[in-house]
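**Student:** Going line by line, the protein sequences match chains A and B.
In my numbering, each residue's number is its place in the first sequence (first place is 1) plus 1374.
In my numbering, each residue's number is its place in the second sequence (first place is 1) plus 1374.
Heads up, the beta-carbon is just placed ideally off N, CA and C, and yes, glycines get one too.
Protein chains: 2
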Amino acid sequence: MENLSNYTFDEITVGQTAEYRKQITERDIVLFAEVSGDVNPLHLDAEFAAGTDFGERIAHGMLTGALISAALALALPGPGTVYLGQSLRFRRPVKIGDEITVQLEVVEKREDKGFVTLECRALNQDDKAVVTGTAEVMAPREKLSLPRPTLPTVTVDG
Amino acid sequence: MENLSNYTFDEITVGQTAEYRKQITERDIVLFAEVSGDVNPLHLDAEFAAGTDFGERIAHGMLTGALISAALALALPGPGTVYLGQSLRFRRPVKIGDEITVQLEVVEKREDKGFVTLECRALNQDDKAVVTGTAEVMAPREKLSLPRPTLPTVTVDG
């Protein structure tokens, strides 16, 4: 499997972009509920969700936030990035089966501190923005290429 | 187990507070890596993390963001809340075993739209702020008391 690699502060240019994709599954919603503790029935109970304005179960908004943070950590700048801040606007619901594409674009570099600002957009398969926001990170100074850690097997029963 | 209940827009007052607590375990970090895809070795590889400025494995910053979103969804306002926006500043690392307390405080209500703004602070067991920010939500209009959904069993192997 390919290594994890990064872009150093010096390599990063304003206008540089990266993408990160993930399909949201029912399993993801269960795992996010497990790790956050947010067992809201809007996410977990199909019958309850059918009676809401959303009409069906939706993913936790912050699950898409987690995909944005993963895009920063894995793609741009990648490993060695220090996460300083993030703003998020939750614009549309994410439903089970949606294909989410996170798009990152570098909009500012601050040479003095090594800070980089990125515009973040998470789009669904219809190219509609589901979450947008801005990230501020301290970009890595050192070039890294690291083996991708293997996760333990995670099983969801039922 | 107690039901999930909420505070409606009319019940919410400026200055109202709520708390939500969770200890961060190694298992949580694995689950967050699984659901987000962020397999950065800073979170997963003790040997790699020991060589960084952090000195040991740390939790994903957005995992604490997920706890803030859970506090809004479960405690204040609770079920029926629509999440509109969130800002986050990542101030200190969260390490395995840290006891995180999310504190929410209502700072503004907008009668016309039903919007509520809350200041959010996640503190560690030493009362140091690890993540701070501001949430904007649309508070529920309808009083709800719902059975707490039971999650499928999630197992991490290894």
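(1) Does DSSP classify residue 1422 of chain B as helix, strand or coil?
(2) What does residue 1512 of chain B touch in chain A if you count any residue whose Cβ is under 8 Å from its own?
(3) CB residue 1445 of chain A to CB residue 1394 of chain A, shorter than 8 Å?
(4) Going along the stretch 1390-1404 of chain B in order, which residues come within less than 8 Å of chain A, judged by CB to CB distance?
(5) Using the DSSP secondary-structure output, state which residues sit across from residue 1497 of chain B in a beta bridge.
(6) With distance defined between alpha-carbon atoms, name the residue in A:1450, A:1437, A:1464 and A:1432 nearest to residue 1481 of chain A.
(7) Name, please, each residue of chain A whose Cβ falls closer than 9 Å to the Cβ of residue 1460 of chain B.
(8) Expressed to the nearest angstrom, what Euclidean distance is found between the alpha-carbon atoms of residue 1408 of chain A and residue 1530 of chain A?
(9) Assess, as a yes-or-no matter, whether the stretch 1408-1417 of chain A is touched by the stretch 1517-1527 of chain B under the definition of 3 or more beta carbon pairs within less than 8 Å.
(10) So, residue 1443 of chain A versus residue 1434 of chain B, is the Cβ gap smaller than 8 Å?
(11) When DSSP builds the beta bridges, which residues end up paired with residue 1459 of chain A?
(12) Does the Cβ of residue 1347 of chain A have 16 or more other Cβ atoms within 10 Å, making it buried, or fewer, making it exposed?
**Tutor:** Taking the coordinates as given:
(1) In the structure shown, residue 1422 of chain B sits in a helix (DSSP, three-state: H, G or I).
(2) Those do not exist, as residue 1512 of chain B stays about 10 Å from chain A at its closest Cβ, beyond 8 Å.
(3) Against a cut-off of 8 Å, the Cβ pair of residue 1394 of chain A and residue 1445 of chain A comes out as a contact.
(4) If the cut-off is 8 Å between Cβ atoms, the stretch 1390-1404 of chain B has 1394, 1396, 1402 and 1404 near chain A.
(5) Listed as beta-bridge partners of residue 1497 of chain B by DSSP are B:1475 and B:1503.
(6) Taking the Cα of residue 1481 of chain A as reference, the smallest distance to any Cα among A:1450, A:1437, A:1464 and A:1432 is reached at A:1450.
(7) Per Cβ cutoff of 9 Å: 1435, 1436, 1439, 1460, 1461, 1462, 1463, 1464 and 1507.
(8) As the crow flies, the alpha-carbon of residue 1408 of chain A is around 10 Å from that of residue 1530 of chain A.
(9) Put simply, the stretch 1517-1527 of chain B touches the stretch 1408-1417 of chain A. At least three CB pairs are less than 8 Å apart.
(10) For residue 1443 of chain A and residue 1434 of chain B, yes; Cβs fall inside 8 Å.
(11) In the DSSP assignment, residue 1459 of chain A forms a beta bridge with A:1510 and B:1463.
(12) No information on residue 1347 of chain A is available, as it lies outside the stretch 1375 to 1532 that chain A covers here.
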